[in-house]
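Working notes, beginning with the structure itself.
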Amino acid sequence: MSHNLDSIADRVDTAMVYPLAKRTHLQTIGNNIWLKREDQQDVFSFKIRGAANRIFKLSAAEKARGVVCASAGNHAQGVALAASDSGIKSTIFMPVTTPDIKTEAVTELGGEIRLIGDSYDAAYAAAQEFAEKTGAVFIHAFDDPDVIAGQGSVAKEILAQLPNPAAVYIGVGGGGLLAGIGAYLRVHSPHTKIIAVEPEGAASLKISLEAGEPTSLESVDGFADGVAVKRIGTTTFELAQKIAPQSILVSNDEICATVKTIFEKTRTVVEPAGALALAGLMKDQSRPDGPCVAIVSGANVNFDRIGHMVERAELGAGQEILFSATLPEKPGSFLKFCEALGDHAVSEFNYRYADQAQAHVLVGIKIKTPEQGTQVMDNIRAAGMEVTDLSHNRLAKEHLRHMVGGISSARTTEHIYSFEFPERPGALRDFLTALDGRWNISLFHYRNHGASSGQVLCGFQTPDGNEEELQASLQSTGFTMCNETNNPAYQMFLKA
Numbered sequence: 000m001s002h003n004l005d006s007i008a009d010r011v012d013t014a015m016v017y018p019l020a021k022r023t024h025l026q027t028i029g030n031n032i033w034l035k036r037e038d039q040q041d042v043f044s045f046k047i048r049g050a051a052n053r054i055f056k057l058s059a060a061e062k063a064r065g066v067v068c069a070s071a072g073n074h075a076q077g078v079a080l081a082a083s084d085s086g087i088k089s090t091i092f093m094p095v096t097t098p099d100i101k102t103e104a105v106t107e108l109g110g111e112i113r114l115i116g117d118s119y120d121a122a123y124a125a126a127q128e129f130a131e132k133t134g135a136v137f138i139h140a141f142d143d144p145d146v147i148a149g150q151g152s153v154a155k156e157i158l159a160q161l162p163n164p165a166a167v168y169i170g171v172g173g174g175g176l177l178a179g180i181g182a183y184l185r186v187h188s189p190h191t192k193i194i195a196v197e198p199e200g201a202a203s204l205k206i207s208l209e210a211g212e213p214t215s216l217e218s219v220d221g222f223a224d225g226v227a228v229k230r231i232g233t234t235t236f237e238l239a240q241k242i243a244p245q246s247i248l249v250s251n252d253e254i255c256a257t258v259k260t261i262f263e264k265t266r267t268v269v270e271p272a273g274a275l276a277l278a279g280l281m282k283d284q285s286r287p288d289g290p291c292v293a294i295v296s297g298a299n300v301n302f303d304r305i306g307h308m309v310e311r312a313e314l315g316a317g318q319e320i321l322f323s324a325t326l327p328e329k330p331g332s333f334l335k336f337c338e339a340l341g342d343h344a345v346s347e348f349n350y351r352y353a354d355q356a357q358a359h360v361l362v363g364i365k366i367k368t369p370e371q372g373t374q375v376m377d378n379i380r381a382a383g384m385e386v387t388d389l390s391h392n393r394l395a396k397e398h399l400r401h402m403v404g405g406i407s408s409a410r411t412t413e414h415i416y417s418f419e420f421p422e423r424p425g426a427l428r429d430f431l432t433a434l435d436g437r438w439n440i441s442l443f444h445y446r447n448h449g450a451s452s453g454q455v456l457c458g459f460q461t462p463d464g465n466e467e468e469l470q471a472s473l474q475s476t477g478f479t480m481c482n483e484t485n486n487p488a489y490q491m492f493l494k495a
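Here it is in C-alpha cells:
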C-alpha cells in the first residue's frame, strides 16, 4: 500500500503516544543548536512513541493474540512497556549481540526475550516465523505506518516548541524516525531542511536512494547498534524518496566525539546512535543560518562501551593525533624526542626495544587545532626523526595501540620500574629530563587515564648489571617508583 506525506502527517496528528511517551523538551547548547531530548523518555529512546501508537490501536481480538517484535534493543523496550501497559503478552526476538543493558530492561518491562543470531535480520526472520506459527501480531520496528506516525510526533512537538526551525537532523537506521518527522515537516514546515545522518559503515538509506530502490548492505558496522540495519524498510524508503533529505555520513570517531560533546553540555552519556544526528550537524559545512535541531534519539549504552568512546572521542574531534616515530636507539633520544613535542599533553606513549640501530614508538598527543598536530610532526622531522600520522589508521587505533610490546632481543640485563608522576602538560618531559642519561631505555609505556597522576612502565638496560647504581639514579628523580622486574606479568610476556 502506497503512502503519501499528507496521509502520514494526518496519522501523526491522531497518534496515541502520550499515555506512555513524554513531551520531551528542546535544549539549546548554543550557536543556534537545539537538542530534542528523546533520551529522556522512560525507556531512554524515542521508540516508545511508535510502539505505543501501534499497540494502542490494536483491536481486542488482536490484543488477545499477543504481540511479537524483532529489535536491537530500543524498539523492544517500547513494545514491552506498551504491551505490559495494555495487559498484552509480548515476545521479543533480539540478536545475541544486543547490549546487556537493553536485554535486562526488556525483561524488567515484562517482555519475554528470545536471543537469536548475530544481527537484526536474523532476529527479524525468527520473529516473523513466530508470528506465522502463533498468530501473534508482529510490531515492526520501523516499516509500519502507525509506528512511523508515532515517531512523527517528535516533529509535531518540535514545531510547537520552535515554530521555524531552519533544519532538523535525524539519525537513520531503518528509516522510521526520518519518515515520520520528515513527512510532518514537509507538510507543516516545508521550508525546514531535513538532513538524514548515517554511520559510514551502515548507510542503507544512502545506497538505496542512489539505487532508486531499497538495497541491502553487504556488511553492517554494528558500532552504532541502534541504527545497524542492513536494509531500509520498503515504506520508509518510499517516504524518504518523497521527503528527499540531504544525506550526511559520519565516522565512528566523529560519533564518539559527539557523545563527549553531549556529555559536556548535558551531563548525559548517550548511546552512539543517540549522538548520530548531532554528529551530522557538527560535520555539516553547509548548515543553514537559524535554529537547527538534532534529535538525541537514545541513551541505552552499555557501561563497557563508554571506555571505547572516551578513547576515540578526541581523535574524532581532531583534538588528538596518533603517530609513529623512528628514533635512534641510543641514550638521550627519548629526551630529544619529547623536547620536539613541546608542551603538548601526551595521551599515550608505547615503545619496546627491538633493534640496536633504531626504535619505533607509538605516541598520542593532545592538540587544539590540526595545525598544531602538523607543527609537532614537522618539529620531530626537523630533529632528524621519521614520523607517520596514524590518526586515521583503523588498525593502529583499534589494535596496534593496545598491542605494542614484545620480548626484547637485547642480551643485556634489563630492569623494569613503574613510576607515578603528576598528570600535567610537560610532566613526561620533566620525568625524562630527570633520568640519568647513562641508562638506555628498552621499554616505555604510558597512557593518560584521566586521573590526577600518570603511570609509566619503563625498562632500563644495564650492560654491567649494576642495579644498585641504577636504583640510586632513579631515586634521585624524586618520582614515586616500584621495581617490577620480578612481576610475573613481566616475566611471562616481556622478559627476554
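Here numbering that gives the first Met the number 0 is used: the first residue of the sequence shown is 0, the next is one more, and so on. Backbone N, C-alpha and C define an ideal beta-carbon position, used for all residues, glycine too.
Less than 8 Å separates the beta-carbon of alanine 274 from that of isoleucine 254. Using a C-beta cut-off of 8 Å, the region 255–264 makes no contact with the region 227–244, since fewer than three inter-stretch Cβ pairs fall below that distance. Shown here for aspartate 120: same chain residues with a beta carbon closer than 7 Å to its own, the five before and five after excluded, namely Lys229 in chain order.
Per DSSP, lysine 35 is one residue of the beta strand (DSSP E) stretching across 32–36.
Residue environment: threonine 479 is assigned as exposed (fewer than 16 neighbouring CB atoms within 10 Å of its CB, all protein chains considered).
Restricting attention to alpha helix (DSSP H) runs no shorter than 4 residues, the region 215–279 encloses them at 233–242 and 251–265, ordered along the chain. Membership of methionine 308 in the alpha helix (DSSP H) is indicated by the continuous run 302–315. Arginine 113 is bridged by DSSP to Phe92. Between the alpha carbons of tyrosine 168 and threonine 233 lies a distance of about 22 Å. Judged by their CB atoms, tryptophan 438 and glutamine 460 are nearer to each other than the 8 Å cut-off.
Judged by beta-carbon spacing, glycine 175 lies within the 8 Å limit of alanine 140, meaning their Cβ atoms are closer than that value. Residue nearest to lysine 132 within the set Leu80, Arg53 and Val66 is Val66 (criterion: CA-CA distance). Around arginine 428, the same chain offers Cys337 as residues with beta carbons nearer than 6 Å, after the five sequence neighbours per side are excluded. Taking isoleucine 115 as the centre and dropping the five residues before and after it, the same chain places the C-beta of Phe92, Ala121, Ala122 and Ala125 closer than 6 Å to its C-beta, in chain order. Proximity of the region 265–280 to the region 185–201 meets the contact definition, three or more beta-carbon pairs being nearer than 8 Å. For lysine 264, the CB contacts under 7 Å within the same chain, skipping 5 residues up- and downstream, are Ile28 in chain order. Looking at Val268, Glu103, Ile294 and Gly149, the one whose alpha-carbon comes closest to that of leucine 34 is Ile294. Between glycine 363 and leucine 321 a beta carbon distance of about 5 Å is seen, short of the 8 Å cut, so the two are scored as contacting. Cα atoms of glutamate 467 and histidine 414: separation of roughly 11 Å, rounded to the nearest angstrom. Isoleucine 379 has its alpha-carbon roughly 48 Å from the corresponding atom of asparagine 73. Secondary structure note for valine 196: its beta strand (DSSP E) is the uninterrupted segment 192–198. Using a Cβ distance threshold of 8 Å, proline 244 and proline 164 do not count as a contacting pair. Out of Asn31, Val42 and Thr13, the CA that lies nearest to the CA of threonine 23 is found in Val42.
Taking a contact as a CB-CB distance under 8 Å, the pair alanine 201 and alanine 178 does not count as one, their CB atoms being some 17 Å apart. A residue is called buried when at least 16 other Cβ atoms come within 10 angstroms of its Cβ; alanine 135 meets this threshold and is buried. A contact is defined here as three or more CB-CB pairs under 8 Å, and the region 75–94 meets this definition with respect to the region 48–57. At the C-beta level, leucine 326 and glutamine 374 stay beyond 8 Å of one another.
DSSP links serine 323 through a beta bridge to Leu361 and Thr387. For threonine 461, the three-state secondary structure derived from DSSP is strand.
Bridge pairing for isoleucine 415: Gly458 [DSSP]. Phenylalanine 137 is not a Cβ neighbour of alanine 148, given a cutoff of 8 Å. For glycine 49, the enclosing alpha helix (DSSP H) covers residues 46–55. Distance check between threonine 13 and each of Val309, His359, Gly151 and Ile87 places Gly151 closest, using alpha-carbon atoms only. DSSP, reduced to helix, strand and coil, places alanine 293 within a strand of the structure shown. Looking at the backbone, the Cα of alanine 104 and that of proline 271 are separated by about 18 Å. When Asp342, Ser441, Ile242 and Asp224 are compared, the shortest CA-CA separation from glycine 331 is found for Ser441.
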